[in-house]
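So for the sequence shown, my numbering puts the first residue at 22; every next one is plus one. C-beta atoms are modelled at their ideal positions from N, C-alpha and C, and glycine is treated no differently. Quick caveat, the model's predicted, so the values are computed rather than measured. Each remark here refers to the structure printed beneath this line.
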Amino acid sequence: MTIYETLQSFNITLPPVAVPAAAYVPYVQSGNLVFLSGHLAKQDGKVWVGQFGKDISVEDGKLAARNVAIDLMGTLHAATGGDLHRVKRIVKLMSLVNSSGSFTEHHLVT
């Protein structure tokens with residue numbers, strides 16, 4: 022099964038590259054490497070606001086992480102000229118989580 026067939030089986034449509042919220046570019050290509058800029062968790066086009074352990078539930082966090090992953094794939098799709106099959110490996114993926122000091126379930130929302 023190809024990556025596109027897998028996405029389709031989960032009813033995932035890759036979004037277009039998001040318009041940057043500040044003075045940066047969504048991705049940079051250097052040789053055979055692509056570096057993606059940070060992506061914000063959004064739902065219905067609005068940025069999620071709040072803190073885990075205070076305002077945001079783990080279930081909402083899972084959905085936010087899924088949405089970010091789909092946005093990242095959309096950006097990577099654009100960066101590869103519309104062909105995710107060109108991706109051989111992901112070298113690094115970093116996730117930042119806004120949480121209260123008492124929150125201990127980071128592994129569930131990244």
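By a C-beta neighbour count over all protein chains shown, 10 Å radius and 16 as the cutoff for buried, is residue i buried or exposed?
| i | result |
| --- | --- |
| Ala44 | exposed |
| Tyr98 | Residue identity check: residue 98 is His in the sequence provided, not Tyr. Classification for His98: buried. |
| Ile77 | buried |
| Ala85 | buried |
Quick one: residues in its chain with C-beta nearer than 8 Å to the C-beta of residue i, no 5 flanking neighbours on either side, listed in chain order?
| i | result |
| --- | --- |
| Asp92 | Pro36, Ala39, His60 and Lys63 |
| Arg107 | Thr101 |
| Val79 | Phe73, Glu126, Leu129 and Val130 |
Report, in whole angstroms, the separation of the C-beta atoms of residue i and residue j, which I expect to be a contact under 8 Å.
| i | j | result |
| --- | --- | --- |
| Ser121 | Phe56 | The pair is not a contact, with the Cβ atoms about 31 Å apart (cut-off 8 Å). |
Closer than 7 Å by C-beta to residue i: which residues in its own chain qualify, once you throw out the five before and the five after it? Chain order, please.
| i | result |
| --- | --- |
| Ile33 | Ile91 |
| Lys75 | Ser121 |
Quick one: residues in its chain with C-beta nearer than 6 Å to the C-beta of residue i, no 5 flanking neighbours on either side, listed in chain order?
| i | result |
| --- | --- |
| Ile24 | Leu105 |
| Thr96 | Val38, Pro47, Tyr48 and Leu57 |
| Phe124 | Phe73 and Gly74 |
Check the DSSP bridge columns for residue i and list the partner residues they point to.
| i | result |
| --- | --- |
| Ile77 | Phe73 |
Report task. Scan the stretch 49 to 125 and note each continuous beta strand (DSSP E) run of 3 residues or more that stays entirely inside, going in chain order. Result -> 54 to 57
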